[in-house]
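When the letters of the sequence shown are read in order and numbered with my numbering, they come out as residues 1 to 338.
Single-structure report; data block below.
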Amino acid sequence: MRAYEFRKSGKPEVLKLKELDEPVPTKNEVKVKIECIGINYAEILSRKGMYGWAPKKPYTPGMEAYGEVVEVGEEVQDRNVGDKVVIGKQYGSYAEFICVEQHLCFDAIESFTPEENAAYLVNFMTAWVALKKMCRLAAGERVLIHAAAGGVGTAAIQIGKALGCTVYGTASKQEKLELIENLGADKAINYSTQDFYEEIIADGGKVDCVLEVVGGEVFKKSLKLLKPFGSLAVIGFASINFKKWNPISWWRTWKDAPKVKILSMMKRSQGIFASHIGYLTNNTEVTSVISEELRSFTEAHGLKPVVGKVFDFEELPEAHRYMESRASVGKIVVKVNH
Ligand SMILES: NC(=O)c1ccc[n+]([C@@H]2O[C@H](COP(=O)([O-])OP(=O)(O)OC[C@H]3O[C@@H](n4cnc5c(N)ncnc54)[C@H](OP(=O)(O)O)[C@@H]3O)[C@@H](O)[C@H]2O)c1
1 MRAYEFRKSG KPEVLKLKEL DEPVPTKNEV KVKIECIGIN YAEILSRKGM YGWAPKKPYT
61 PGMEAYGEVV EVGEEVQDRN VGDKVVIGKQ YGSYAEFICV EQHLCFDAIE SFTPEENAAY
121 LVNFMTAWVA LKKMCRLAAG ERVLIHAAAG GVGTAAIQIG KALGCTVYGT ASKQEKLELI
181 ENLGADKAIN YSTQDFYEEI IADGGKVDCV LEVVGGEVFK KSLKLLKPFG SLAVIGFASI
241 NFKKWNPISW WRTWKDAPKV KILSMMKRSQ GIFASHIGYL TNNTEVTSVI SEELRSFTEA
301 HGLKPVVGKV FDFEELPEAH RYMESRASVG KIVVKVNH
């Protein structure tokens, strides 16, 4: 099969399209012929060598995909050859085939296109876990979503509105603001030219919840925006720019990494959460509960992933370059032509 692999960290060109052996499912795994791949920011970080739990190189990156089941292991009960599924895995989806444990293989949503299915799982599950399960976001609350025009951001806006909240979204480019408001956000703020703290205070005061993905000043200012009993979920650190050979970048990474002092939080009665669905989905039971809840919520409220751009399989490094440029909106999807 064709699959991308990389041997050393670096620019998108380190991703090389190769001919590799097709994976063989273990007794608890499902083998899927991939039709569409969802691209995630974490894959940019892992390509650059800045992702904590990437496997030893060389490996095939890629955390999610949509496709068809072509083989099942002997102990797999709920999956059959021919099923259309979405899958999540820590790596391996930049390929024509992948094997995944059955609990990380979910029914595709029939009303979605293949591209939308590939764009759904990681972004919506991440936003749902952070906003609903951890911060317990509820109707009538005010929530701020950072990088709101991106994959997780567009999912989070839709979830926030469906929960009945007032939603603020930030982005770094003017062109992204329209999308944020079209998705239902009450106000979109360009945080590269406007002070999001001042804008939100002027628009009704502090917020109950923040979804934080950037780090540095954005994290610090977001903490100040929280009301008493407010909560902030850290799910990413997009501004990280760690370079092994540059000690100044070590210091910057340390300085900008989100940190809290429990005693200061006590003074303000606030909660800070952090989550990573890669670790969470190791827990079969939790994964099953979350995926069921999320699916019902998605269908009940007619939520849908925003697919911003589709690339061909051969152009996958270009898709990485596009995401890094900060110009992308919604989810970037790569279509596999077998
Ligand atoms: N914890 C988890 O389980 C989990 C799962 C999925 C994703 N995430 C995190 O959620 C965030 C969004 O992921 P995504 O896959 O949906 O990507 P994305 O939002 O579609 O793309 C990344 C966006 O991050 C924003 N950004 C802010 N500061 C940046 C910087 N210094 N350099 C580059 N981009 C920057 C950019 O939007 P603006 O320029 O408009 O700000 C950019 O478009 C990432 O931090 C990712 O690591 C976490």
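Backbone N, C-alpha and C define an ideal beta-carbon position, used for all residues, glycine too.
A quick note: this is a predicted structure, and the numbers were derived from the prediction, not measured.
Simplified DSSP state of residue i, which is helix, strand or coil
| i | result |
| --- | --- |
| residue 94 | coil |
| residue 140 | coil |
| residue 78 | coil |
| residue 290 | helix |
| residue 2 | strand |
| residue 155 | helix |
| residue 101 | strand |
| residue 267 | helix |
| residue 131 | helix |
| residue 8 | coil |
| residue 235 | coil |
| residue 177 | helix |
| residue 184 | coil |
| residue 298 | helix |
| residue 273 | strand |
| residue 284 | helix |
Nearest to residue i (by Cα), restricted to the options the options
| i | options | result |
| --- | --- | --- |
| residue 64 | 27, 81, 121 and 46 | 121 |
| residue 71 | 4, 195 and 27 | 27 |
| residue 9 | 252, 23, 47 and 1 | 47 |
| residue 126 | 300, 329 and 280 | 280 |
| residue 224 | 186, 270 and 85 | 270 |
| residue 145 | 161, 93, 168 and 124 | 168 |
| residue 254 | 216, 276 and 261 | 216 |
| residue 58 | 16, 258, 203 and 172 | 16 |
Expected contact under 8 Å - CB spacing of residue i and residue j to nearest Å
| i | j | result |
| --- | --- | --- |
| residue 304 | residue 115 | 11 Å between Cβ atoms; not a contact. |
| residue 278 | residue 90 | 5 Å |
| residue 100 | residue 32 | 7 Å |
Alpha-carbon to alpha-carbon, residue j and residue i
| i | j | result |
| --- | --- | --- |
| residue 80 | residue 66 | 15 Å |
| residue 45 | residue 51 | 5 Å |
| residue 290 | residue 136 | 14 Å |
| residue 68 | residue 312 | 18 Å |
| residue 13 | residue 139 | 46 Å |
| residue 266 | residue 113 | 47 Å |
| residue 134 | residue 249 | 31 Å |
| residue 320 | residue 161 | 30 Å |
| residue 209 | residue 230 | 6 Å |
Runs of alpha helix (DSSP H) lying entirely within the region 186-217, each at least 4 residues, in chain order: 196-202
Length at least 4, wholly inside the region 21-94: the alpha helix (DSSP H) runs in chain order: 41-47
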